[in-house]
Structure formats: C-alpha cells, structure tokens
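Since the structure comes first, as structure tokens, the remarks are kept for the end.
Protein chains in written order, with our numbering: chain B, 1 to 114; chain U, 115 to 223.
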C-alpha cells in the first residue's frame with residue numbers, strides 16, 4: 001500500500017507570494033492533518049480535514065488555509081508569504097482522525113521564503 | 115492546553131549502548147505515538163502506544179497512562195539510530211497531535 005505523498009518536495013518563494021502544497025493520503029484514509037515544523041517552534045498543528053470539512057484548526061493566521069477533495073486529497077495554501085513561513089510542512093493521514101487511529105506522515109514540503 | 119515534555123533533549127551514545135527516552139504529558143490522552151525523524155525530515159512511525167508495552171526489534175516502548183508518561187527504549191544502538199525522536203499525544207477526541215520538543219540522539223561508531 002502506498003504511503004502518504006506530498007508535492008512538491010521543495011519550494012522557493014519570495015515574500016508576498018502565495019503557495020499551494022498538496023498531500024495525498026494513504027488509500028482508504030479519510031483524515032488529513034497538516035503540521036508546520038520550524039527550529040524555533042517545533043512541530044505545530046495547522047488544521048485537520050475529514051470528509052471535505054475542516055474539523056480542527058490550530059493557532060495560525062488566516063493566511064493559512066486548506067481544503068480537502070472528495071478523494072481525500074488535501075491542499076494547503078499560504079497567501080502573502082512572510083519570511084517566518086519558511087518551514088517544513090508535513091501532512092499526516094489516518095483512517096478517521098479521531099485519535100483512536102495511528103497517524104502516518106508524508107515526506108514533507110520544505111518551503112523557503114526569500 | 116496539554117504540555118508534552120521529552121527528556122533528555124540531547125543524548126550521545128557509543129554504538130552498542132542502550133538508552134531510555136522519556137515523554138511526560140500533563141493530561142489524559144487518547145493516543146500516544148513515537149516517531150523517528152530521518153535526516154530528510156520524514157517522521158517514521160515507531161510505536162502507536164496509548165497504554166501498555168510494545169516491542170519491535172531493538173526498540174520497545176511503555177506507556178503508563180495513569181501516571182502520564184511514556185518511555186522509549188533503544189537497545190544495542192547503531193549509528194543508523196541517530197536522529198530526532200519525537201513523542202506526540204492526542205488529547206480528547208480531536209485527532210490533533212501535540213508534539214514534544216524531541217530528543218536528539220547521536221550514536222558514535
């Protein structure tokens with residue numbers, strides 16, 4: 001069974017631009033969560049989608065948004081990029097996302113904002 | 115919110131040594147996972163262990179949910195064990211993983 005995939009793997013943008021990252025979960029998994037990892041803040045939860053609905057949201061500004069499609073694939077968008085948005089963005093998939101299922105992570109997208 | 119603390123923050127071992135990594139959490143949880151982050155940044159699942167003890171080769175983990183801690187044991191460490199180990203918990207029924215700050219392990223040949 002294929003694992004979680006994320007595209008692109010690396011991305012370089014400049015301040016003020018916007019970016020869209022994609023995540024395809026493990027087949028059969030309906031929950032997709034997104035996390036941001038920075039050296040200063042560690043791993044932080046962004047949001048979680050289940051059945052095309054955002055079910056949980058972390059403490060990030062509205063510039064960070066996401067969506068989920070009917071095939072469970074998810075995208076996250078960051079608008080008006082800031083230098084501080086440079087980070088590794090990880091997505092995770094699980095069967096139901098209720099905490100009773102194990103979460104599996106993709107390889108991540110490394111975003112650099114110049 | 116729930117706090118997750120990992121200790122020690124850094125650990126240097128000689129190849130072949132054993133080690134114990136600790137994860138304390140401040141409230142009851144529904145789920146606890148241990149991960150190893152590889153040099154490319156991917157989080158590799160080690161254990162899904164909300165309670166009890168599990169073993170996988172040279173690695174084992176124990177979670178004592180009533181006392182709010184989990185331990186990860188690495189025996190006969192190898193250089194490939196180097197990296198950052200994270201503990202993450204799920205409070206309530208949200209599915210949201212709360213991560214500790216990690217333990218950076220370096221195994222020297």
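We put the beta carbon where it would ideally sit given N, CA and C, even for glycine.
Sequence-distant Cβ neighbours of residue 18 of chain B in its own chain, meaning closer than 6 Å and more than five residues away, are 79. By alpha-carbon distance to residue 192 of chain U, the top candidate from U:204, U:120, U:126, U:216 is U:126. The Cβ-Cβ distance between residue 197 of chain U and residue 128 of chain U does not fall below 7 Å. Comparing alpha-carbon positions, the option among U:141, U:140, U:124, U:214 lying closest to residue 133 of chain U turns out to be U:124. At a cut-off of 7 Å between beta carbons, residue 157 of chain U contacts chain B. In the DSSP assignment, residue 150 of chain U is bridged to U:158, U:199.
Secondary structure at residue 177 of chain U: strand, using DSSP grouped into helix, strand and coil. Below 8 Å, too few C-beta pairs join the segment 40-60 of chain B and the segment 99-114 of chain B to call them touching: fewer than three. Beta-bridge analysis with DSSP links residue 44 of chain B to B:36. In this structure, the CA atom of residue 48 of chain B is about 6 Å from the CA atom of residue 32 of chain B.
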